[in-house]
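Enquirer:
Protein chains in written order, with this note's numbering: chain A, 13 to 286; chain B, 13 to 286; chain C, 13 to 286.
(1) Does residue 94(C) have its Cβ less than 8 Å from a Cβ in chain B?
(2) Am I right that residue 84(A) and residue 132(A) are in contact with their C-beta atoms under 8 Å? What's the rounded C-beta distance?
(3) According to DSSP, simplified to helix, strand and coil, what is residue 15(C)?
(4) My parser needs the beta strand (DSSP E) runs of 3 or more residues fully inside the stretch 191-270 of chain B; what are they?
(5) Quick one: what's residue 75(B) bridged to in DSSP?
(6) Would residue 193(C) and residue 228(C) qualify as a contact pair, given that the criterion is a beta-carbon distance under 8 Å?
(7) Decide yes or no for the touch test of the stretch 108-115 of chain A against the stretch 184-192 of chain C: beta carbon pairs closer than 8 Å, at least 3 of them.
(8) Using a Cβ-Cβ distance under 8 Å, would residue 291(A) count as near chain C?
(9) Any idea what DSSP makes of residue 272(B), helix, strand or coil?
(10) Contact criterion: CB-CB distance below 8 Å. Does residue 75(C) meet it with respect to chain A?
(11) Just tell me which of 157(C), 255(C), 54(C) and 25(C) has its CA closest to the CA of residue 230(C).
(12) Look at the alpha carbon of residue 15(A) and the alpha carbon of residue 65(A), and state the distance between them as a whole number of angstroms.
(13) In terms of alpha-carbon separation, which member of 274(B), 207(B), 209(B) and 103(B) lies closest to residue 17(B)?
(14) With contact counted as at least three CB pairs below 8 Å, one residue from each stretch, are the stretch 214-223 of chain C and the stretch 118-131 of chain C in contact?
(15) Output, in sequence order along the chain, the residues in the stretch 187-219 of chain B whose CB is closer than 7 Å to any CB in chain C.
(16) On the premise that residue 94(B) lies in contact with residue 45(B), defined as a C-beta separation below 8 Å, what is that separation, rounded to the nearest angstrom?
(17) Taking the continuous alpha helix (DSSP H) assigned at residue 179(A), which residues delimit it?
(18) Give me the residue from 72(A), 28(A), 167(A) and 92(A) with the minimum Cα distance to residue 248(A).
(19) Whole angstroms are fine: how far does the CA of residue 50(A) sit from the CA of residue 195(A)?
(20) Which of the three DSSP states, helix, strand or coil, is assigned to residue 91(B)?
(21) DSSP has residue 52(B) in a bridge; who is on the other side?
(22) When the distance is taken between beta carbons, is residue 159(B) closer than 8 Å to residue 260(B)?
(23) Which residues share a DSSP beta bridge with residue 163(A)?
(24) So, with DSSP's three-state summary, where would you put residue 185(B)?
(25) Skipping 5 residues on each side, what residues in its chain have a beta carbon closer than 8 Å to that of residue 29(A)?
(26) Is the Cβ-Cβ distance between residue 232(C) and residue 265(C) less than 8 Å?
(27) Taking just the CA atoms, how far does residue 122(A) sit from residue 212(C)?
(28) Residues of chain C with CB under 8 Å from residue 122(A), in chain order?
(29) Which term fits residue 200(B), buried or exposed, when burial requires 16 or more other beta carbons within 10 angstroms of its beta carbon?
(30) DSSP state of residue 133(A), grouped into three classes?
(31) Please report the Cβ distance between residue 236(A) and residue 283(A), rounded to the nearest whole angstrom; I am assuming they are in contact, meaning their Cβ atoms lie under 8 Å.
(32) With burial defined as no fewer than 16 other Cβ atoms inside 10 Å of the residue's Cβ, what is the status of residue 59(A): buried or exposed?
(33) What residues of chain B sit near residue 178(A), judged by a beta carbon separation below 7 Å?
(34) Would you kindly report the start and end of the unbroken alpha helix (DSSP H) that includes residue 30(C)?
(35) Around the Cβ of residue 277(A), are there at least 16 other Cβ atoms within 10 angstroms (buried) or fewer (exposed)?
(36) Between residue 287(B) and residue 70(B), is the Cβ-Cβ spacing less than 8 Å?
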């Protein structure tokens, strides 16, 4: 039996696109018998990414072993770029100098494409360990540590951040997020002037998927790199809704739920400059 | 009562796009109780732009005061770029350091975007005065001063100029416009060779909107910067037809009529090099 | 009578697009009473292009004389770029300094565009002669010289080469083509790793146009510049199928059949580096 994992590739392609910018320094991908996970830390951006996709998040998933790889997601992205939406992907380890083999088979069977990728050499030990972010483990957040929780359509969040970036000048611009009981405000200052986008609490029984829910314990005022926030919002392709937890003296958590139990989570350290 | 003007933004967005390149050195925008106007001079290009949009040219327009601002239209363009077709815009003056506030509210009410723009400091006195182009005031042109008038579909005019620019080499290329009784000829010379586009007098009772009408008093042969002419043709988004007046020893006038009494007019000095 | 050839331009536009990169050093175009031909050699790429389009390959073709020109196809491409699909083109010689005139008339008759192109000065004598590639004349290939013949959908061939180029790094990458009785393999090595695309022999009575047919006398293993192969595959716009002949100690022949008796043929010298 081939020691490989065979899966339908479209959701994996979305995960790679959604995380490649935040995980720019390399990511640990694990394909196992129960599903897929991706972990990456980016110390220079002050960000951590964790993606968990159980087998049932895929249209089809069949894993007979565990294949673990540390790869450059921008390379993965270029490989997925030439794949079709409905390609079946076989992932397996292969001998050096390349460490991983990805085989794409399309349903029309007119060609088979194999890519043997080089793994990147980073501090593997660290990456292969469980993520060292116990303080922000999602289910263990104490009520008293949670300043505010925001739930909104992921596309609205993406449009707001993209709008601010289009007006803003450069990669160094910060966005200030201010949460009150009624509204969340995003503010940037650039050469052109000042941009303020306001998103108010909103609930329509007819369209609960469009609701904007603010649960505030304490008012929040944090700053993030506008470019980093924009990278995070790409995960809108993975989920219709985003939940943002603003925590006391801890990274904020941006969570996109996928299928029943899967998720993509981004842990961002607020910028010090206030 | 808020001292502001509230209006539907789509036509304003088109005006900004159509005039930003000709008015590259800044424009004076006035929102008043009766409508909108834009004035700009560009001495280095030898061009003047005047746009007048009465309130009825907008889907909705409500002004309770006059807001005047001198702004960089390329900044305005970036702000409008992120707006939606159906956004309602509130324009008002705001305190320094920004001088103007534009608030965009979309009908879905999922967010409100405010942009506080810096005004640009140019010779305000001059700009705020009525345009100093009495000699070319449209309604006062003497018959004897009018060499020729050309009326044609604005998209055909745009396609011709864009075609010449695609073949031509650089921004320094000139286009020669030659008007005879039967036809108008556009000619450029570049590295690739010579391009000549001919547009003949034409009238079809079934499709009067496609007619090309030449009223010639004297044959015309003038040159303009091909790049500048191409900037002017962007106003095709504002009107289906363009009227060009070639005047004796005065700038030529390119007029796009908007709604009942509105217009965008470009006054271009022909290039001296002949 | 005007000494010109009048023809419908859409297929000519496709020919120019499909050959301009391989024929980057200039091409000889001949419009005659019986049809059109294009010949070009590119010594630096080790490639020869020959296109023959009999009059019946055009929607309409009417030639009363022979017009021959040596032109830069990238210039031609820019001129055709602004033409419409259904333009009628009149080709005739014109006086120096430009040598050729192309007049585009669209069926809506709203404008006529004339381009007077400069011919390029290359070793005309050589180019105007019949192509000096008798050893690879298609119909005279001896069975014993033909290592293998491959027939496949031109779009599949194009997708494979484009996929390898998207993953590959730069213009200097080589693609190795390996033909066995069952399959053809395309392999490249780049910074990201190794890519191998396999296309198997395939025949479906229901869809003969999707068949992949391998006729192998001897196994083949040749290398070409990936960039050059990608330029060749643009001819997929001219024909649904491509036939590749791998010959002993001779250039390989990539043939795209057009209409009944027309064709575009690319003769490529395999790269020496093995």
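Note that CB positions come from ideal geometry on N, CA and C, so glycine has one too.
Expert: For this structure:
(1) Counting from one through the third chain, the residue named residue 94(C) turns up at place 82. It does; some Cβ of chain B falls within 8 Å.
(2) As a working mapping, residue 84(A) is identified with position 72 in the first chain. As a working mapping, residue 132(A) is identified with position 120 in the first chain. About 5 Å separates the CB atoms of residue 84(A) and residue 132(A); that is less than 8 Å, so the two are in contact.
(3) The count along the third chain starts at 1 and reaches residue 15(C) at position 3. DSSP places residue 15(C) in the coil class of the three-state scheme, outside both helix and strand.
(4) List check, beta strand (DSSP E) in window: 195-202, 205-212, 225-228, 232-237, 253-259 and 264-270.
(5) Translated into positions along the second chain, residue 75(B) becomes position 63. Paired residues: 17(B).
(6) For the purposes of this step, residue 193(C) is taken as residue 181 along the third chain, with counting starting at 1. For the purposes of this step, residue 228(C) is taken as residue 216 along the third chain, with counting starting at 1. In this structure, residue 228(C) lies closer than 8 Å to residue 193(C) by Cβ.
(7) In short, these stretches do not touch, since the Cβ pair count stays below three.
(8) Past the edges of chain A, shown from 13 to 286, lies residue 291(A), and the structure says nothing about it.
(9) The residue you call residue 272(B) lines up with position 260 of the second chain. Three-state result, residue 272(B): coil.
(10) Start at 1 with the first residue of the third chain, and residue 75(C) comes out as number 63. False, the Cβ-Cβ gap to chain A never drops below 8 Å.
(11) Mapped onto the third chain, residue 230(C) falls at position 218. Comparing Cα positions, the closest option is 157(C).
(12) Counting from 1 along the first chain, the entry for residue 15(A) is found at position 3. Counting from 1 along the first chain, the entry for residue 65(A) is found at position 53. For residue 15(A) and residue 65(A), the distance between alpha carbons rounds to 20 Å.
(13) Counting from 1 along the second chain, the entry for residue 17(B) is found at position 5. The option with the nearest alpha carbon to residue 17(B) is 103(B).
(14) Cβ pair count under 8 Å is below three, so no.
(15) So the list reads 204, 205, 206, 207, 208, 209, 210 and 211, given in the order they occur along the chain.
(16) In the second chain, counting from the first residue as 1, residue 45(B) sits at position 33. In the second chain, counting from the first residue as 1, residue 94(B) sits at position 82. Here residue 45(B) is actually not in contact with residue 94(B); their C-beta atoms are around 28 Å apart, not less than 8 Å.
(17) Counting from 1 along the first chain, the entry for residue 179(A) is found at position 167. Note, residue 179(A): alpha helix (DSSP H), 166-179.
(18) As a working mapping, residue 248(A) is identified with position 236 in the first chain. Minimum Cα-Cα distance from residue 248(A) among the listed residues 72(A), 28(A), 167(A) and 92(A) corresponds to 167(A).
(19) On the first chain, position 183 is the one that residue 195(A) refers to. On the first chain, position 38 is the one that residue 50(A) refers to. Rounded to whole angstroms, residue 195(A) to residue 50(A) spans 33 Å at the Cα level.
(20) On the second chain, residue 91(B) is found 79 positions in, with the first residue counted as 1. DSSP places residue 91(B) in helix when its eight states are reduced to three.
(21) In the second chain, the residue the question calls residue 52(B) occupies position 40. 61(B), per the DSSP bridge assignment.
(22) To locate residue 260(B), count along the second chain from 1; it is residue 248. To locate residue 159(B), count along the second chain from 1; it is residue 147. For residue 260(B) and residue 159(B), yes; Cβs fall inside 8 Å.
(23) Locating residue 163(A) in the first chain gives position 151, where the first residue counts as 1. Under DSSP, residue 163(A) shares a beta bridge with 225(A) and 255(A).
(24) Position 173 of the second chain, counting from 1, holds the residue named residue 185(B). Looking at residue 185(B) - three-state DSSP - the assignment turns out to be coil, as it is neither helix nor strand.
(25) The residue you call residue 29(A) lines up with position 17 of the first chain. Same-chain partners within the cutoff: 89, 92, 246 and 249.
(26) For the purposes of this step, residue 232(C) is taken as residue 220 along the third chain, with counting starting at 1. For the purposes of this step, residue 265(C) is taken as residue 253 along the third chain, with counting starting at 1. For residue 232(C) and residue 265(C), no; Cβs fall outside 8 Å.
(27) For the purposes of this step, residue 212(C) is taken as the residue at position 200 of the third chain. For the purposes of this step, residue 122(A) is taken as the residue at position 110 of the first chain. In a straight line, the C-alpha of residue 212(C) is about 7 Å away from that of residue 122(A).
(28) Position 110 of the first chain, counted from the start, is the residue given in the question as residue 122(A). Correct list: 165, 168, 211, 214, 222 and 224.
(29) On the second chain, residue 200(B) is found 188 positions in, with the first residue counted as 1. Buried: at least 16 other Cβ atoms inside 10 Å.
(30) Counted from its first residue, the first chain places residue 133(A) at position 121. If DSSP states are grouped into helix, strand and coil, residue 133(A) belongs with coil.
(31) Here residue 236(A) is taken as the residue at index 224 of the first chain, counted from 1. Here residue 283(A) is taken as the residue at index 271 of the first chain, counted from 1. Their Cβ separation, rounded to whole angstroms, is 6 Å, which keeps residue 236(A) and residue 283(A) in contact under 8 Å.
(32) For the purposes of this step, residue 59(A) is taken as the residue at position 47 of the first chain. Result: buried.
(33) For the purposes of this step, residue 178(A) is identified with residue 166 of the first chain, where counting begins at 1. Residues of chain B passing the Cβ test: 90, 93 and 94.
(34) Residue 30(C) sits at position 18 when you count from the first residue of the third chain. Unbroken alpha helix (DSSP H) run through residue 30(C): 22-31.
(35) Here residue 277(A) is taken as the residue at index 265 of the first chain, counted from 1. Buried.
(36) Only positions 13 to 286 of chain B appear in the structure, and residue 287(B) is not among them; the question remains open.
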